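Residue numbers (my numbering): 230 to 355.
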């Protein structure tokens, strides 16, 4: 099955650094107002997940353990037709996310799914 989420090399490098400092990490993409719709990186297990969250995939960052990526169900319905790539850029991010003290912030780049993506993943967006 094709992945619906990916990570850039720069973001994967930062994730390895954050994992070394904090242990296993995870992402949650809420689409809420306070976090500016940015993907938030937390120590794995520090963000409470529930029925209102969807597991998108796990990012392979070259460590023994992948980084799970979660999204609120409402945001997933809105973005069901997109492929997401987690990237990192210079600048101040949200104070709740682990990268904030490093002067960078994670962001999501998106593109519309192609017919080939849909065939490969055997999913039909809402």
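Just so it is clear, CB atoms sit at the ideal spot from N, CA and C, and this is done for glycine as well. Since this is a predicted model, take the numbers as computed values, not measurements.
Following the continuous alpha helix (DSSP H) through residue 238, name the residue where it begins and the one where it ends.
Along the chain shown, read from residue 1 onward, the residue named residue 238 stands at position 9. From DSSP, the alpha helix (DSSP H) with residue 238 extends over 238-251.
Can you tell me the Cα-Cα spacing of residue 342 and residue 288, whole angstroms?
Working through the chain shown from its first residue, we reach residue 342 at position 113. Working through the chain shown from its first residue, we reach residue 288 at position 59. Going from the Cα of residue 342 to the Cα of residue 288 covers about 18 Å.
How is the alpha helix (DSSP H) around residue 305 delimited, first residue to last?
Working through the chain shown from its first residue, we reach residue 305 at position 76. Taken as a continuous stretch (DSSP letters only), the alpha helix (DSSP H) holding residue 305 covers 302-307.
Taking residue 291 as the reference, give the member of 337, 316, 347 and 248 with the closest Cα.
Here residue 291 refers to the residue found at position 62 of the chain shown. Ranking 337, 316, 347 and 248 by CA distance to the CA of residue 291 puts 248 first.
Measure the C-alpha to C-alpha separation of residue 331 and residue 325 and round it to an integer number of angstroms.
Here the question's residue 331 lines up with position 102 in the chain shown. Here the question's residue 325 lines up with position 96 in the chain shown. In a straight line, the C-alpha of residue 331 is about 13 Å away from that of residue 325.
Can you tell me whether residue 318 is buried or exposed, with buried defined as 16 or more other CB within 10 angstroms of its CB?
Reading the chain shown from its first residue, position 89 is the one you call residue 318. With fewer than 16 other Cβ atoms from the protein chains shown falling within 10 Å of its own Cβ, residue 318 counts as exposed.
Which value, in whole angstroms, describes the spacing of the CA atoms of residue 250 and residue 241?
As a working mapping, residue 250 is identified with position 21 in the chain shown. As a working mapping, residue 241 is identified with position 12 in the chain shown. Each residue's alpha carbon lies about 14 Å from the other.
Cβ atoms of residue 303 and residue 260: under 8 Å apart, would you say?
In the chain shown, counting from the first residue as 1, residue 260 sits at position 31. In the chain shown, counting from the first residue as 1, residue 303 sits at position 74. Contact: yes.
Using a 10 Å radius around the Cβ and a threshold of 16 neighbouring Cβ atoms, would you call residue 294 buried or exposed?
Residue mapping note: residue 294 aligns to position 65 of the chain shown, counting from 1. The residue is exposed, with fewer than 16 neighbouring Cβ atoms inside 10 Å.
Can you name, in chain order, every residue of its own chain whose Cβ lies under 6 Å from the Cβ of residue 316, other than the five neighbours on each side?
Within the chain shown, numbered from 1, the residue matching residue 316 stands at position 87. 237, 240, 336 and 338, listed in sequence order.
Give the range of the beta strand (DSSP E) segment to which residue 288 is assigned.
Within the chain shown, the letter at position 59 stands for residue 288. That run of the beta strand (DSSP E) goes 282-288.
In the DSSP assignment, what residue or residues form a beta bridge with residue 232?
For the purposes of this step, residue 232 is taken as residue 3 along the chain shown, with counting starting at 1. Looking at the DSSP assignment, residue 232 forms no beta bridge with any residue, so it has no partner.
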